[in-house]
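To start, the structure under review is shown below, and the notes come after it.
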Amino acid sequence: SLQAGLAVLLKAERLFHSSYHSQAVHIRPVCRVTHRFAQLLCSGFAVAASLSLVQDASCLAVSWELRQTLTVVFDTFSSGQGKKDWSLFKMFSRTLTDACPLASQSKVYVDISPKNKEKELLEVTPPPASVHEAIVQGDKRTYAVYDLLSPSLFNTSRSLNVQLKWKRPQDSSELPTPILHAQRYVSGYGLQTGEISTLIYNTHPYRAFPVILLETVPWYLRLYVHTLTIITKGKENKPS
Numbered sequence: 146s147l148q149a150g151l152a153v154l155l156k157a158e159r160l161f162h163s164s165y166h167s168q169a170v171h172i173r174p175v176c177r178v179t180h181r182f183a184q185l186l187c188s189g190f191a192v193a194a195s196l197s198l199v200q201d202a203s204c205l206a207v208s209w210e211l212r213q214t215l216t217v218v219f220d221t222f223s224s225g226q227g228k229k230d231w232s233l234f235k236m237f238s239r240t241l242t243d244a245c246p247l248a249s250q251s252k253v254y255v256d257i258s259p260k261n262k263e264k265e266l267l268e269v270t271p272p273p274a275s276v277h278e279a280i281v282q283g284d285k286r287t288y289a290v291y292d293l294l295s296p297s298l299f300n301t302s303r304s305l306n307v308q309l310k311w312k313r314p315q316d317s318s319e320l321p322t323p324i325l326h327a328q329r330y331v332s333g334y335g336l337q338t339g340e341i342s343t344l345i346y347n348t349h350p351y352r353a354f355p356v357i358l359l360e361t362v363p364w365y366l367r368l369y370v371h372t373l374t375i376i377t378k379g380k381e382n383k384p385s
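Each residue of the sequence shown is one higher than the last, beginning at 146 in my numbering.
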C-alpha cells in the first residue's frame with residue numbers, strides 16, 4: 146500500500162522529475178535458517194525456553210530472497226539556487242506519517258558525516274534519537290537514524306519531515322567530489338562511429354575498490370560487445 150510507511154514517498158510526479166531514477170528486483174537463493182529450541186531446567190521443571198537461529202552449513206535447504214530497490218537522485222543544489230538545504234517535503238512533496246503495519250523494520254538514514262569543520266555548520270531537524278557509524282570506502286561515515294516503529298517519533302508531530310539546513314551561507318558553491326566517482330558521455334554519431342565512454346575515478350591514495358558497472362541503454366540502441374575496450378592506467382585490459 147502507498148498509504149503507509151516509506152512507500153508514501155513514492156509519488157510518481159516527483160520521482161520521474163528527478164535527475165536519475167532506477168528500479169531493480171533482485172532474486173537470489175539463500176541457505177535456510179532453522180529454528181532450535183532449548184529448555185532451561187530448574188529442580189526438574191522447565192521454567193524457560195530460548196530460541197536460536199542456526200544457518201544450515203550444508204545448505205541443503207534453500208530459500209529464495211526477494212529484494213526490491215529504488216534509487217533516486219535529486220539535484221536540489223541546482224534547483225535550490227545554489228543552496229544545500231533540503232528536506233523530504235522539498236524532494237517528494239510528502240512527509241512520513243507512520244510505519245508500514247507489516248514491516249518488522251522501517252528506518253530512515255541521513256548521512257551527516259562532517260567534512261573538515263562542517264559539523265558545526267550542519268543542523269538536522271528533528272534531532273535523531275540515535276546515530277549510526279560505519280566505514281564506507283575507507284572513510285568513517287555518520288548517519289542520523291529515524292526509527293518509524295518507535296512510538297516516541299510521532300509523539301510531538303503527526304508527520305516526519307527530515308530537514309538539513311546550513312546555519313550560515315557557504316562560501317564555496319562546489320560540492321565535494323566522492324572518492325569513487327564516474328563520468329559518462331557519448332561521442333561520434335550513428336552505429337559505426339558512435340561511442341559510449343564511462344570514466345571511473347578512484348582518488349583514494351592507496352586503496353582499491355571492487356566495481357560493478359551496469360550500463361542501461363535504450364532498446365533501439367544496438368551495441369557490439371566485440372568493440373568493448375577497457376583501459377586502466379593507460380594500459381588496455383583484454384576482457385575474459
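Even glycine gets a Cβ: it sits at the ideal position worked out from N, Cα and C.
Check for me: the beta strand (DSSP E) holding residue i runs from which residue to which?
i, result
"residue 337", "Run containing residue 337: none in the beta strand (DSSP E); it sits in the alpha helix (DSSP H), 335–338."
"residue 267", "267–270"
"residue 278", "275–281"
"residue 253", "252–256"
"residue 377", "375–377"
"residue 327", "325–332"
"residue 285", "284–292"
"residue 380", "380–382"
Mind checking residue i: buried by the 16 CB within 10 Å criterion, or exposed?
i, result
"residue 366", "exposed"
"residue 219", "buried"
"residue 244", "buried"
"residue 334", "exposed"
"residue 273", "buried"
"residue 288", "buried"
"residue 291", "buried"
"residue 150", "buried"
"residue 237", "buried"
"residue 153", "buried"
"residue 233", "buried"
"residue 373", "exposed"
"residue 293", "buried"
Rounded to the nearest angstrom, how far is the Cβ of residue i from that of residue j, given a contact under 8 Å?
i, j, result
"residue 268", "residue 229", "Actually they do not touch by this definition, with Cβ atoms about 12 Å apart."
"residue 241", "residue 332", "Actually they are not in contact, since the Cβ atoms of residue 241 and residue 332 sit about 43 Å apart, beyond 8 Å."
"residue 255", "residue 307", "6 Å"
"residue 119", "residue 286", "As shown, the chain starts at 146 and ends at 385. That puts residue 119 outside it, with no answer to give."
"residue 212", "residue 171", "4 Å"
"residue 282", "residue 344", "Not quite, the Cβ-Cβ distance comes to about 18 Å (not below 8 Å), so this is no contact."
"residue 310", "residue 239", "Contact flag wrong, Cβ pair sits at about 19 Å."
"residue 169", "residue 214", "5 Å"
So who's on the other strand from residue i, going by DSSP bridges?
i, result
"residue 94", "Absent from the model: residue 94. The displayed extent of the chain is 146 to 385, so no value can be given."
"residue 167", "216"
"residue 371", "None; residue 371 has no bridge partner."
"residue 311", "267"
"residue 241", "305"
"residue 153", "DSSP lists no partner for residue 153."
"residue 343", "329"
Just curious, the alpha helix (DSSP H) that residue i is in, first and last residue?
i, result
"residue 235", "233–237"
"residue 157", "157–160"
When you compare the CB of residue i with every CB in chain C, is at least one pair closer than 8 Å?
i, result
"residue 266", "Absence of chain C from the displayed structure is noted, only one protein chain being present."
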